[in-house]
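**Student:** Just so we're aligned, residue 37 is where the sequence shown starts under my numbering, counting upward by one.
Here a beta-carbon is modelled for each residue, glycine too, at the ideal position from N, C-alpha and C.
Here the structure is a predicted model, which means the values were calculated and not measured.
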Amino acid sequence: SMLWQTPTIHGSAWCRGRADWLSDDGKFDVDLKTVDSADPVAFASRQVYSNNYDIQAGLRWLGHRALAKQRDMLWLLVEIEAPYACSLVGASDELLELAVRKIDHAARIWRQCLNTKTWPGYPSTTQWAQATTGAAWDAEARGIV
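Right under this line is the structure:
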């Protein structure tokens, strides 16, 4: 585990990270992801951002940098069904730079919440779900309506 204080544009923030595997030569931080498909193109284009893996990689990248042990960030994708195909996807410099900006933004919001003792959240009133036009068309097509 790593624990460090990261300087941000808006001050500093305490952070932590835990790698799945660090190479002995000090070059790589490898994050294991079990997946339905180890297709690296699909993972890079769909899952990295939708699952916030970029933020996870960015935080650990900052941790290594703070500890003066810079490493390349890799995801090892392993399929959950035989034949358990594998692939590697690396986090590019551009991806990590964007992740650091997102982390800085989150740290600013956190600091603002701490200072104002105000925490954003969802509405306290009941929200009512409405039948969509698509749902009504589907019901009609099935003879339900």
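Among residues of its own chain, excluding the 5 on either side of E115, which ones have a beta-carbon nearer than 8 Å to its beta-carbon?
**Tutor:** Within the sequence shown, the letter at position 79 stands for residue 115. Setting aside the 5 residues that flank it on each side, E115 is surrounded in the same chain by T70, V71, D72, S73, A74, A121, C122, each with a C-beta closer than 8 Å to its C-beta; the list follows chain order.
**Student:** Please determine if the region 97 to 105 and the region 48 to 65 are in contact, where contact requires at least 3 C-beta pairs separated by less than 8 Å.
**Tutor:** Enough Cβ pairs lie closer than 8 Å, so yes.
**Student:** Could you give the uninterrupted runs of the beta strand (DSSP E) lying entirely in the region 57 to 143, keeping only those of 3 residues or more?
**Tutor:** 64 to 71, 108 to 115, 122 to 126, all fully within the region 57 to 143.
**Student:** So, for W146: in the same chain, excluding its five sequence neighbours on each side, which residues have a beta-carbon less than 8 Å away from its beta-carbon?
**Tutor:** Reading the sequence shown from its first residue, position 110 is the one you call residue 146. Same-chain partners within the cutoff: A49.
**Student:** Using 8 Å as the limit for Cβ to Cβ distance, is N151 near chain C?
**Tutor:** Structure shown: chain C not included; a single protein chain is present.
**Student:** Using a Cβ-Cβ cutoff of less than 7 Å, which residues in the same chain neighbour L103 once the five nearest sequence positions on both sides are dropped?
**Tutor:** As a first step, residue 103 is located in the sequence shown; it is residue number 67 there, counting from the start. Correct list, in chain order: M38, W40.
**Student:** Let's see if you can read the secondary structure: which residues bound the alpha helix (DSSP H) around A167?
**Tutor:** Taking the sequence shown and counting its residues from 1, the one referred to as residue 167 is at position 131. For A167, there is no enclosing alpha helix (DSSP H), since its DSSP letter is neither H nor E.
**Student:** In this structure, how does DSSP classify T42 when only helix, strand and coil are distinguished?
**Tutor:** Residue numbering aside, residue 42 sits at position 6 when the sequence shown is read from its first letter. T42 falls in the strand class under three-state DSSP.
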